[in-house]
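Participant: Would you mind keeping the following structure in view while I ask a few things?
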Amino acid sequence: MSCPMSLSNPSQILLRNSELLIAKAPLFINLPEDGFIEAYTEIHKPETINCFNTNFIDYQAITKKHCSSTNTKNVKTTFASTYQTKINHDLVIIAFPKSKAELNFTLAMIAHCINDETKIILVGEKKCGIQSAAKLTQNIFSCCQKVDAARHCLLFVGLFQPERLSDVFNLQDWFKKYQITVEGIQLTIASLPGVFSQQKLDVGTALLLSNLPSKMAGKVLDFGCGAGVISCFIGKKFGETNLSLLDVSALAITSAQESLALNGLSGNVFPSNSLSDVNEHYQHVVSNPPFHQGVKTHYQASEDFLAGINKKLNKQGNITIVANSFLRYQPIMETHIGNTGVITKDKGFTIYRAQLS
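In numbering that gives the first Met the number 0, the protein residues as written are 0 to 356.
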């Protein structure tokens, strides 16, 4: 069949193999909204389709398009760090994640809702590392076969080893926990697979923590919070702060909640597509803004954030960010927020601070 031009390459390779996709109750994991769901529904007419996404942007797009549509009203969407259901799925399609550890996490998470005849399809671009799918799944799958290669993508089909279906999934087992000490403050950080800086404090964030405002009080927004390192440090150092943390990733949100709890802190942790779900005003905004989406360098979300954050700052509120020195964020901050100073430069990173005038 011909594929609509809007379809991503992985979606096109899936539809090339439509005969493999026959199912009554398929589960799609981290597939984007690019027209694939409509095309699939048209061909196979499943009783239900469950879409599980850990990326809030993809979840919002699928929900907006399909949950109000009469043509795809049987599509159910879930945004969470783990998938839980009483459905027994006869097909699971997984977009191969950029983190190999996240693949094992995802497979362990679905063992409760499949059987040894459920086809598990892995699809992704070669540059994501999908070539290693068979090796990565050798202790989970009874077989993992490459069935197609096209448009710089690969498609694998696997079946679970029957004995792995009884494995009990415990979220706590998947947190990597590590301790850091900054300015004499000791923190315990918990991070799930696929979350930025999963096993150690990254250089950029370390530089940011050493160059925060000398006094902080009131509402603080941690944009792109990851595992919550920045907010945990601020909460410990500045007791008069009220923490809000946002991220686009459900895995990051769950990690940040766990990190706060481990350090005896509380905060409002929520998902947002850039500033889409930010409804309060803040005295301080801090961020190591993400500029990678998948394996592609992606600046738009960070630039949108910097261009719009002035509307979310209190009068005299400030923003402090760390960025790779090659990123030209200072002119954007000057234009939209106000006077922007370079606090320090070190190890390829720059700290900028702007105050709303």
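The beta-carbon is built from N, C-alpha and C at its ideal position, and this holds for glycine as well. Just so you know, these numbers come straight off a predicted model, no measurement behind them.
Candidates Gln178, Asp221 and Lys85: which alpha carbon is nearest glycine 266's?
Facilitator: Working through the sequence shown from its first residue, we reach residue 266 at position 267. Nearest option by C-alpha distance: Asp221.
Participant: How big is the Cα-Cα spacing for threonine 53 and serine 275?
Facilitator: On the sequence shown, position 54 is the one that residue 53 refers to. On the sequence shown, position 276 is the one that residue 275 refers to. About 17 Å.
Participant: Rounded to whole angstroms, what's the CA-CA distance from phenylalanine 159 to arginine 150? Just pull it up for me.
Facilitator: Here residue 159 refers to the residue found at position 160 of the sequence shown. Here residue 150 refers to the residue found at position 151 of the sequence shown. Looking at the two C-alpha atoms, the distance is approximately 27 Å.
Participant: In whole angstroms, what separates the C-alpha of serine 271 from that of leucine 244?
Facilitator: The sequence position of residue 271 within the sequence shown is 272, counting from 1. The sequence position of residue 244 within the sequence shown is 245, counting from 1. Approximately 10 Å, taken between the alpha carbons.
Participant: Between the C-alpha atoms of isoleucine 109 and leucine 242, what's the straight-line distance to the nearest angstrom?
Facilitator: Counted from its first residue, the sequence shown places residue 109 at position 110. Counted from its first residue, the sequence shown places residue 242 at position 243. Their backbone Cα atoms lie some 33 Å apart in a straight line.
Participant: Enumerated in chain order, which unbroken segments of the beta strand (DSSP E) with a length of 3 residues or greater are wholly contained in the region 46-90?
Facilitator: Entirely contained in the region 46-90, the beta strand (DSSP E) runs reaching 3 residues are, in chain order, 48-52 and 74-78.
Participant: Going straight from the alpha carbon of alanine 79 to that of isoleucine 28, what length do you get?
Facilitator: Taking the sequence shown and counting its residues from 1, the one referred to as residue 79 is at position 80. Taking the sequence shown and counting its residues from 1, the one referred to as residue 28 is at position 29. Straight-line Cα distance between these residues: approximately 11 Å.
Participant: Alpha carbon to alpha carbon, how far is asparagine 287 from isoleucine 120?
Facilitator: On the sequence shown, residue 287 is found 288 positions in, with the first residue counted as 1. On the sequence shown, residue 120 is found 121 positions in, with the first residue counted as 1. Each residue's Cα considered, the two are about 35 Å apart.
Participant: Residue range of the beta strand (DSSP E) that histidine 283 falls in?
Facilitator: One-based indexing of the sequence shown puts residue 283 at position 284. It spans 281-286 - the beta strand (DSSP E) in which histidine 283 sits, taken as one unbroken run.
Participant: Buried or exposed for aspartate 172, please, with buried defined as at least 16 other CB atoms from any protein chain shown within 10 angstroms of its CB.
Facilitator: What you label residue 172 is simply residue 173 of the sequence shown in a count that begins at 1. Aspartate 172 is exposed by the Cβ-count criterion.
Participant: Going along the chain, which residues of its own chain have a beta-carbon closer than 6 Å to the beta-carbon of isoleucine 179, five neighbours each way excluded?
Facilitator: In the sequence shown, residue 179 corresponds to position 180, counting from 1. Counting only Cβ-Cβ distances below 6 Å, and skipping sequence neighbours, we find Leu186 and Leu200.
Participant: What are the boundary residues of the beta strand (DSSP E) that includes threonine 253?
Facilitator: The sequence position of residue 253 within the sequence shown is 254, counting from 1. No beta strand (DSSP E) contains threonine 253, which is instead part of the alpha helix (DSSP H) from 249-261.
Participant: Tell me the DSSP secondary structure of tyrosine 351 in three-state form.
Facilitator: As a first step, residue 351 is located in the sequence shown; it is residue number 352 there, counting from the start. Strand.
Participant: For glutamate 116, collect the residues of the same chain with a Cβ closer than 8 Å to its Cβ; drop the 5 residues on either side in sequence, then sort them by chain order.
Facilitator: Reading the sequence shown from its first residue, position 117 is the one you call residue 116. Asp89 and Leu158.
Participant: Could you give the DSSP three-state label for glutamine 130: helix, strand or coil?
Facilitator: In the sequence shown, residue 130 corresponds to position 131, counting from 1. Of the three classes helix, strand and coil, the one that applies to glutamine 130 here is helix, per DSSP.
Participant: Helix, strand or coil: which one does DSSP assign to tyrosine 39?
Facilitator: Sequence index remark: in the sequence shown, residue 39 carries index 40 (1-based). Correct three-state label for tyrosine 39: helix.
Participant: List in chain order: all unbroken alpha helix (DSSP H) runs of 4+ residues lying wholly within the region 95-164.
Facilitator: Runs of the alpha helix (DSSP H) inside the region 95-164: 99-109 and 132-135.
Participant: If we count Cβ pairs, one from each stretch, closer than 8 Å, do we get three or more for the region 317-327 versus the region 200-213?
Facilitator: The region 317-327 is in contact with the region 200-213.
Participant: Let's see if you can read the secondary structure: which residues bound the beta strand (DSSP E) around glutamine 178?
Facilitator: Residue mapping note: residue 178 aligns to position 179 of the sequence shown, counting from 1. Its beta strand (DSSP E) spans residues 175-181.
Participant: Identify every residue that forms a DSSP beta bridge with alanine 322.
Facilitator: Counted from its first residue, the sequence shown places residue 322 at position 323. In the DSSP output, where bridge partners are listed per residue, alanine 322 has Thr349.
Participant: Short of 7 Å in beta carbon distance, which residues of its chain neighbour asparagine 309, apart from the five on each side in sequence? Order them along the chain.
Facilitator: Position 310 of the sequence shown, counted from the first residue, corresponds to residue 309. These residues qualify, in order along the chain: His335, Ile336 and Leu355.
Participant: Out of Asn278, Ala260 and Gly225, point me to the one whose CA is closest to isoleucine 252's CA.
Facilitator: In the sequence shown, residue 252 corresponds to position 253, counting from 1. Of the candidates Asn278, Ala260 and Gly225, the one whose C-alpha sits nearest the C-alpha of isoleucine 252 is Gly225.
Participant: Can you give me the C-alpha to C-alpha distance between alanine 133 and valine 146, rounded to a whole angstrom?
Facilitator: Locating residue 133 in the sequence shown gives position 134, where the first residue counts as 1. Locating residue 146 in the sequence shown gives position 147, where the first residue counts as 1. Distance between the alpha carbons of alanine 133 and valine 146: 12 Å.
Participant: Quick one: grab the DSSP three-state call for leucine 14.
Facilitator: To locate residue 14, count along the sequence shown from 1; it is residue 15. It is helical.
Participant: Name the DSSP beta bridge partners of phenylalanine 190, please?
Facilitator: The residue you call residue 190 lines up with position 191 of the sequence shown. Sequence inspection shows serine at residue 190; the phenylalanine mentioned does not correspond to that position. DSSP, once it has assigned bridges, lists Lys175 as partnering serine 190.
Participant: Would you mind working out which of Ala216, Ser248, Gly183 and Ala24 sits nearest valine 74, comparing C-alpha positions?
Facilitator: The sequence position of residue 74 within the sequence shown is 75, counting from 1. Looking at the Cα atoms, Ala24 is the closest of the given residues.
Participant: When the distance is taken between beta carbons, is proline 192 closer than 8 Å to phenylalanine 104?
Facilitator: The count along the sequence shown starts at 1 and reaches residue 104 at position 105. The count along the sequence shown starts at 1 and reaches residue 192 at position 193. Their beta carbons are under 8 Å apart, which means phenylalanine 104 touches proline 192 by this criterion.
Participant: Anyone know if the C-beta pair for valine 122 and isoleucine 12 falls short of 8 Å?
Facilitator: By 1-based counting over the sequence shown, the position of residue 122 is 123. By 1-based counting over the sequence shown, the position of residue 12 is 13. Against a cut-off of 8 Å, the Cβ pair of isoleucine 12 and valine 122 comes out as a contact.
Participant: If aspartate 357 and alanine 107 are in contact, beta carbons under 8 Å, what's the gap, nearest whole angstrom?
Facilitator: Examination of residue 357 is not possible in this model, given that the chain is present from 0 through 356 alone.
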